[in-house]
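Everything on this sheet refers to the single structure shown next.
Numbering (UniProt numbering), first residue to last: 1 to 257.
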């Protein structure tokens, strides 16, 4: 059974439909990138998966031992969040709250978990510093350590490299790729279509009337990809040759099967 399975979802708020007929599933080890035009409903889908919003229709099933509070979430940062006046230690430790149960305090196990993930994200030495004084890349590693405190199964990332320079973005993608290789399923909203087709195992392309879900290879041959690509989408021209090369390799692979 999948960690998360969505059947014929309709997304929206106050009765206003944003997107419908959304179907996909996320299994252990999957790397799902969610793409689409601005306003297509990507962030609304994330909020719905986190039970912050109710779907207007359809069904979301959580399974394979995953509990709703075991989804590690890294939100898209706002100016207010970047200026949050808390220490690195306080922010990462807050990610263990779901493991505290009814106790109104952090125990030894929660503190050890926070320390473990701070060290794995190379922010342990920053633990006493104020979060708002960190660089963008350091802040994202802190937030990722916090998300990992909540889960060993599913990470949900909303535009995680926004505002990072190319070097820091590449390093962040490398970290996510390694976590995925270690068995954590990744769900990531991205405007970086090149990164999506480079790292993802599956693509969900959200549109109002009908959305595409399938393997990366199938997406690169889909009408959704072609329309997104040549309408300008959010793809820079210098990226097109690299992506088209990936598509051509996928086509040759199918013919050789």
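Where is the CB? At the ideal position from N, CA and C, for every residue including glycine.
- Positions of the alpha helix (DSSP H) runs, each at least 4 residues long and wholly inside the region 114-179, are given as 136-150 in order along the chain.
- In the structure shown, the three-state DSSP call for residue 9 is strand.
- One thing to note: residue 200 has its Cβ no nearer than 8 Å to the Cβ of residue 3.
- Between residue 210 and residue 203 the beta-carbon gap is near 14 Å, outside 8 Å, which marks them as no contact.
- Contact between the region 136-144 and the region 156-172 is present, with at least three C-beta pairs closer than 8 Å.
- Annotation for residue 217: no beta strand (DSSP E) segment contains it, though the alpha helix (DSSP H) segment containing it runs 216-219.
- In this structure residue 190 is buried. Its beta-carbon is surrounded by 16 or more other beta-carbon atoms within 10 angstroms.
- For residue 48, the enclosing alpha helix (DSSP H) covers residues 42-49.
- A distance below 8 Å separates the beta carbons of residue 129 and residue 87.
- Within the same chain, and ignoring the five residues on either side of residue 17 in sequence, the residues whose Cβ sits closer than 8 Å to its Cβ are 10, 11, 56 and 208.
- Under the three-state reduction of DSSP, residue 90 is assigned to helix.
- One alpha carbon belongs to residue 40, the other to residue 13, and they sit about 13 Å apart.
- The Cβ neighbour count for residue 166, taken over all protein chains shown within 10 Å, is under 16; the residue is labelled exposed.
- Within the same chain, 197, 200, 201, 202 and 203 come within 7 Å of residue 216 by CB-CB distance, once the 5 residues on both sides are set aside.
- If you draw a straight line from the Cα of residue 77 to the Cα of residue 38, it comes to about 17 Å.
- If you look at residue 199, you'll find it in the alpha helix (DSSP H) that goes 193-199.
- Here the alpha carbons of residue 70 and residue 147 stand approximately 10 Å from one another.
- Leaving aside the five residues that flank residue 149 on each side, the residues in its chain whose CB is nearer than 7 Å to its CB run, in chain order, 92, 95, 96, 113, 114 and 117.
- Between residue 186 and residue 155, the C-beta gap is smaller than 8 Å, which places the two residues in contact.
- Setting aside the 5 residues that flank it on each side, residue 1 is surrounded in the same chain by 63 and 64, each with a C-beta closer than 7 Å to its C-beta; the list follows chain order.
- The beta carbon of residue 42 sits closer than 7 Å to the beta carbons of 34, 36, 189 and 206 from its chain, once the five residues preceding and following it are set aside; these are given in chain order.
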